[in-house]
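I have placed the structure first, in the form of structure tokens, so that the comments after it can refer back to it.
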Amino acid sequence: MVKPPFSRIMKSGRVLLMPDEDVGEHTTDKREELIIILNGDAAIIADGETIQISEGETYFIKEGIKHNVKNISNEPLEYIYVVSTFD
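With the working numbering applied, the sequence shown corresponds to residues 31 to 117, in that order.
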């Protein structure tokens with residue numbers, strides 16, 4: 031994307047994490063989130079489970095789930111998140 035989209039119900043972004051870095055545990059209240067791995071390997075800790083996903087894979091996070099994304103590879107982890115909001 032050249033510029034941010036102007037959507038009332040979606041937002042997205044690109045994240046780059048160095049080895050062993052994480053985004054920090056957070057909750058997406060009244061939002062659903064899709065994570066799309068572009069490069070590297072990630073551990074997604076969500077709802078008490080740890081799932082490993084790699085380049086080309088996606089992971090869906092339901093509304094209200096506490097979660098974190100951690101780089102578990104020796105190279106930078108690059109991913110895109112898409113968050114939808116609703117009332």
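Just so you know, even glycine gets a beta-carbon here, dropped at the ideal spot from N, CA and C.
Using the three-state DSSP reduction, which class does residue i fall into: helix, strand or coil?
i, result
"Ile-102", "coil"
"Lys-96", "strand"
"Asp-59", "coil"
"Ser-84", "strand"
"Val-53", "coil"
Smallest Cα separation from residue i: which of the options?
i, options, result
"Ile-102", "Glu-63, Asn-69, Ile-110, Ser-37", "Asn-69"
"Pro-106", "Ser-37, Arg-38, Met-48", "Met-48"
"Arg-38", "Arg-44, Gly-54, Arg-61, Gly-94", "Arg-61"
"Glu-108", "Gln-82, Lys-41, Ile-74, Leu-46", "Leu-46"
"Lys-100", "Thr-115, Lys-92, Ser-84", "Ser-84"
"Gln-82", "Leu-64, Tyr-89, Ala-73", "Ala-73"
"Glu-93", "Tyr-111, Thr-115, Asn-104", "Thr-115"
So residue i and residue j are supposed to be a Cβ contact under 8 Å. How far apart are they, rounded?
i, j, result
"Glu-51", "Ile-67", "Their Cβ separation, rounded to whole angstroms, is 15 Å, which puts Glu-51 and Ile-67 out of contact at 8 Å."
Excluding sequence positions up to five away, which residues of its chain have a Cβ less than 8 Å from the Cβ of residue i?
i, result
"His-56", "Lys-96, His-97, Asn-98"
"Gly-43", "Ile-110, Tyr-111"
So who's on the other strand from residue i, going by DSSP bridges?
i, result
"Phe-116", "For Phe-116, which the question treats as bridged, DSSP gives no partner whatsoever."
"Met-40", "Ser-114"
Closer than 7 Å by C-beta to residue i: which residues in its own chain qualify, once you throw out the five before and the five after it? Chain order, please.
i, result
"Tyr-89", "Ile-65, Ile-74, Ile-81, Ile-83"
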